[in-house]
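A.B. asks:
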Amino acid sequence: MRSRGLREATAGTPHSALRRAVGATLCVLAAPVNAWAFGSSGVRIWLPEAVTTTAPAIDRLFYIVLVITGVVFVLVQATLLLFILRYRRRPGRSAAYTHGNQLAEIIWTVIPALIMVWLTFKSQRVWSHVRGTPPPPDLEVEVTGEQFAWNVRYAGADGALNTADDITTINQMHLPVGRTVLLHLKSKDVIHSFFVPQFRVKQDAVPGITTRLWVNATKTGHYEIACAELCGLGHYRMRGFLVIESPEALTTWLSEQLAEQAS
Ligand SMILES: [Cu+2]
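Per my numbering: the sequence shown = residues 208 to 470.
(1) In the DSSP assignment, find the unbroken beta strand (DSSP E) run with Asp266 in it and report its ends.
(2) Counting only runs that start and end within the segment 360–444, where is the beta strand (DSSP E) found for 3 or more residues in a row?
(3) With a threshold of 8 Å, establish whether the CB of Val397 neighbours any heavy atom of ligand 1.
(4) Nearest to Phe448 by CA position, among Phe402, Gln379, Leu390, Asn423, is which residue?
(5) Under a Cβ-count criterion, where at least 16 other Cβ atoms within 10 Å of its own Cβ denotes burial, should Pro255 be classed as buried or exposed?
(6) Phe245 to Leu268, Cα distance in whole Å?
(7) Considering only residues of the same chain and omitting the five flanking positions on each side of Val258, which have a CB-CB separation below 8 Å?
(8) For a test of the three-state rule: what should DSSP assign to Phe448, helix, strand or coil?
(9) For the beta strand (DSSP E) that Leu346 lies in, which residues bound it at each end?
(10) Using CA coordinates, which residue listed in Ala371, Val359, Ser400, Val348 is at the minimum distance from Ser389?
(11) Counting only the same chain and skipping the five closest in sequence on each side, list residues whose C-beta sits under 8 Å from that of Phe355.
(12) Quick check on Leu440 - is its C-beta less than 9 Å from some C-beta in chain B?
(13) In the DSSP assignment, find the unbroken alpha helix (DSSP H) run with Thr458 in it and report its ends.
(14) Just curious, the alpha helix (DSSP H) that Pro319 is in, first and last residue?
Right, dumping it as structure tokens:
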């Protein structure tokens, strides 16, 4: 630890100013990590609330990459500024010619390579969990994008999708909290993109392809489904409403939809 005397002795030097600037920047960059570490009691910097079992791991990865790239950015820009000032043209000083420094080149190649390899393994674990084989679902729902609405289909009493007793809604999706839901994502016409920010899910709905996504919501609430792909003139109004509720409330809602459909 630096002694008090030494701190006071270096307090007014340009080096100490640089150190303070780097320290302040690191504090700002560390704020999102702090928010993540303290969970819901922390300050939300800019990401929306995370309401699925997979969202915290995705956020953690995002903040790790943000902090690493942020620190590198600040260090590189500070060094650049320092060198611009320190080695600026001065009368009587000629330029020095150099072939570089092999040790420095090895260091700044090996360290980023190791960080990249570490991030690859770390992100692969998250990716395979989120997008690998889905866990056994408690409920399957079909979501079909079309210009400019989300068609949602639930299985009826027979428990099978795409049969006569299906329950269909437009722009209204209800899902149960604490249950694994498998979404079958389709498109009728052009490429749409199913986007629920609180799920940390943004997935293209491509004509001719059924994409499977699984989610397990951790919190009840009202959220929005956006289309994140410019899909035509009415793209701006392609907006769905998502309700996460208890399984019992979902059963009630589904029977209401069925009664409405039959009348
Ligand atoms: Cu769309």
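Even for Gly, the Cβ is constructed at its ideal location relative to N, Cα and C. A quick note: this is a predicted structure, and the numbers were derived from the prediction, not measured.
C.D. replies: In this structure, then:
(1) Unbroken run through Asp266 is the alpha helix (DSSP H), 262–293; no beta strand (DSSP E).
(2) 374–377, 379–383, 387–394, 399–403, 408–412, 418–423, 428–434
(3) yes
(4) Gln379
(5) exposed
(6) Summary for Phe245: the model assigns pLDDT 48, below 50, so the residue's position carries little reliability; its value from the coordinates is reported in the next sentence. Computed Cα separation, rounded: 16 Å.
(7) Gln405, Phe406, Ala424, Thr425, Lys426, Gly428, Tyr430, Ile451
(8) strand
(9) 346–353
(10) This sequence places Leu at residue 389; Ser is not what is there. Comparing Cα-Cα distances from Leu389 to each of Ala371, Val359, Ser400, Val348, the minimum goes to Val348.
(11) Cys434, Cys438, Gly439, Gly441, His442, Arg444, Met445
(12) Protein chains in the displayed structure number just one, and chain B is not present.
(13) 454–469
(14) 309–338
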